[in-house]
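J.: Just passing along the structure, written as structure tokens.
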Amino acid sequence: MRIGDIVLTFVVVCWCASVRASEGDTPLQNADRFIEAMSAARMVATPPAGASADANLNALRRLDAAMPALGEPGGPVCAYVRNRSLLQAGKSAEAQVGLAQLSGISSVAPEAVLGLVEANAMPPARRMSFERCLADLLPISGWNRARDMWDSDRPIIDLKELSPRPEVPFLHVKKLIQIAQLSETLGLHDFAWHAYVEAIYGGRAPAWSNGAPKEGAWLSADTAELWARAADNAWKTGERAVAYDYVAKSVIFGPDGQLGKAKTTLAAWKASVDAQQEEIPKAQLQEAVEQIVTLYAEMNVHPRALEIIRTHPDWVKNPVELEARIADEWKAALKAYSRGAKRVVVYGVELTDKTDPTDIKVPFACSPEAVERVAQEVRKLLDTERAVPKPDL
């Protein structure tokens, strides 16, 4: 299949993405079928050591037979596994079509874009264009930090400097997980599921390394429980489609015991069995939220901290005082970050005399707006690839 054929199939992802976005209450008609599909995908994603080529082919056939459609629960994750398998088998053109479709679905967009980078050997400038898409999808990540550095005009660091320039953002996986756990404890489920996803993408290595899942990667046994927690919190906010997809990730790439946990989770969801959230005493809420705000500030994600204070001033004890302190810390961090620079960009925003750095926004990973922009950019990049004449060999 030629790269140009992506144009013919790209409309599918636009339709699927819009359907999934409008159907937060995606139904699971058959839990056994869902589990069978995830088990089949697991055999393709993490084949037993020493598996023969025939065994791997049979596993792929089993997945093809069980795989749900893109708009069905777990469908995007299974499709990602299948396309990664095609990529590893050297069928990069076919894999590219499938990955392009998935770049417009939030639950697998980062993995899909990274897969497109891996699908072709490409010059640095072209690779950078795809990595900019990753930066857009993942504001708290090394890709966003790299994009800001590319777009800035800062001198090479002088090793004689007494104090190094701060990293923006400063990635710290334990702090990202702590934010998610605190949010979940408070019953802030919408915030919690986004925070768990951000802890995975922002603090871990990419999806795959050298063709096999790597411990500590986005998709690995190390992150399976985090995907499961993200799924449960998403479900409690009505985000059914992503909840199923995150369960799929936890099963396909997780340890053996994750399958049993998933069955229990699906049964609880079907029965709508949710533990009643006890009302959190105001003092406990304020203490925890101020801890979340501090953790964001420690990672130089001050804009997120400021947004929390401004949106929910009653969640902290002294909102005016806390906002002023966080704003001052942010300005001080940016002053050190900008030292000797002619042009500075942070979180995709250029700092000028007219820029109020406290107004910068840091959206959660894979926001609907970012996913839409990236889907359009991927289509444009692939259309450009199709238009460039190939040299005669």
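Sequential numbering of the sequence shown, starting at 0, is according to numbering that gives the first Met the number 0. All residues carry an ideal CB built from backbone N, CA and C; glycine is no exception. Predicted, not measured: the structure shown is a model, and the values here were computed from it.
1. Need the endpoints of the alpha helix (DSSP H) that Cys132 sits in, please.
2. Among Ala179, Met121, Leu69, which residue has its Cα nearest to the Cα of Gly103?
3. Please state if the CB of Val172 and the CB of Gly141 are separated by a distance shorter than 8 Å.
4. So, does the region 299-306 touch the region 352-369, judging by three or more C-beta pairs under 8 Å?
5. Secondary structure at Glu238, three-state DSSP: helix, strand or coil?
6. Please report the distance separating the alpha-carbon of Leu59 from that of Arg153.
7. Under the rule that 16 or more other beta-carbon atoms within 10 Å means buried, what is Val12, buried or exposed?
8. Within the continuous alpha helix (DSSP H) that includes Asp147, where are the two ends?
9. Return the residue from the list Leu333, Gly49, Pro138 that minimises the CA-CA distance to Ala369.
10. Just to confirm the assignment, what range does the alpha helix (DSSP H) spanning Cys77 have?
11. May I have the straight-line CA-CA distance separating Glu35 from Ala364, to the nearest angstrom?
12. State whether the region 338-349 contacts the region 311-323, with contact taken as three or more CB pairs (one from each stretch) at a distance under 8 Å.
13. Taking the C-alpha atoms as reference points, what is the distance between Pro67 and Gly73?
14. Starting from Ile307, trace the alpha helix (DSSP H) both ways and give me its first and last residue.
15. Indicate whether Leu218 and Phe252 have their beta-carbon atoms separated by less than 8 Å.
16. Can you tell me whether Gln290 is buried or exposed? The criterion is at least 16 other CB atoms within 10 Å of its CB, across all chains shown.
17. Should Met148 go down as buried or exposed, given a rule of 16 or more other Cβ atoms within 10 Å for buried?
18. Give me the DSSP bridge partner(s) of Arg60.
T.: With the structure as the only source:
1. As a first step, residue 132 is located in the sequence shown; it is residue number 133 there, counting from the start. It spans 123-136 - the alpha helix (DSSP H) in which Cys132 sits, taken as one unbroken run.
2. Locating residue 103 in the sequence shown gives position 104, where the first residue counts as 1. Per the C-alpha coordinates, the member of Ala179, Met121, Leu69 positioned closest to Gly103 is Leu69.
3. Numbered from 1 along the sequence shown, position 142 holds the residue referred to as residue 141. Numbered from 1 along the sequence shown, position 173 holds the residue referred to as residue 172. Annotated as distal: Gly141 and Val172, with beta-carbon spacing of 8 Å or more.
4. Yes, since at least three Cβ pairs between the region 299-306 and the region 352-369 fall closer than 8 Å, the two stretches touch.
5. Position 239 of the sequence shown holds residue 238. In the displayed model, Glu238 falls within coil according to three-state DSSP, outside both helix and strand.
6. Taking the first residue of the sequence shown as 1, we reach residue 59 at position 60. Taking the first residue of the sequence shown as 1, we reach residue 153 at position 154. For Leu59 and Arg153, the gap between their C-alpha atoms comes out near 49 Å.
7. As a position in the sequence shown, residue 12 is number 13, starting the count at 1. Reliability of the predicted coordinates at Val12 is poor, the pLDDT of 37 falling under 50, and the value obtained from them is presented with this limitation in mind. The residue in question, Val12, is buried, as its Cβ has 16 or more Cβ neighbours within 10 Å.
8. Position 148 of the sequence shown, counted from the start, is the residue given in the question as residue 147. In the DSSP annotation of this structure, the continuous segment of the alpha helix (DSSP H) that includes Asp147 starts and ends at 141-150.
9. Start at 1 with the first residue of the sequence shown, and residue 369 comes out as number 370. The closest CA to that of Ala369, considering only Leu333, Gly49, Pro138, is found on Pro138.
10. To locate residue 77, count along the sequence shown from 1; it is residue 78. From DSSP, the alpha helix (DSSP H) with Cys77 extends over 74-87.
11. Looking up residue 35 in the sequence shown gives position 36. Looking up residue 364 in the sequence shown gives position 365. Spanning the two alpha carbons is a distance of roughly 29 Å.
12. Proximity of the region 338-349 to the region 311-323 falls short of the contact definition, fewer than three beta-carbon pairs being nearer than 8 Å.
13. As a working mapping, residue 67 is identified with position 68 in the sequence shown. As a working mapping, residue 73 is identified with position 74 in the sequence shown. Their backbone Cα atoms lie some 7 Å apart in a straight line.
14. Locating residue 307 in the sequence shown gives position 308, where the first residue counts as 1. For Ile307, the enclosing alpha helix (DSSP H) has its first and last residue at 301-310.
15. What you label residue 218 is simply residue 219 of the sequence shown in a count that begins at 1. What you label residue 252 is simply residue 253 of the sequence shown in a count that begins at 1. Taking 8 Å as the Cβ cut-off, Leu218 and Phe252 qualify as a contacting pair.
16. Residue mapping note: residue 290 aligns to position 291 of the sequence shown, counting from 1. Residue environment analysis places Gln290 among the exposed positions, since fewer than 16 neighbouring C-beta atoms fall within 10 angstroms of its C-beta.
17. In the sequence shown, residue 148 corresponds to position 149, counting from 1. Exposed, by the Cβ-count rule.
18. Sequence index remark: in the sequence shown, residue 60 carries index 61 (1-based). Within the DSSP bridge table, the entry for Arg60 names no partner.
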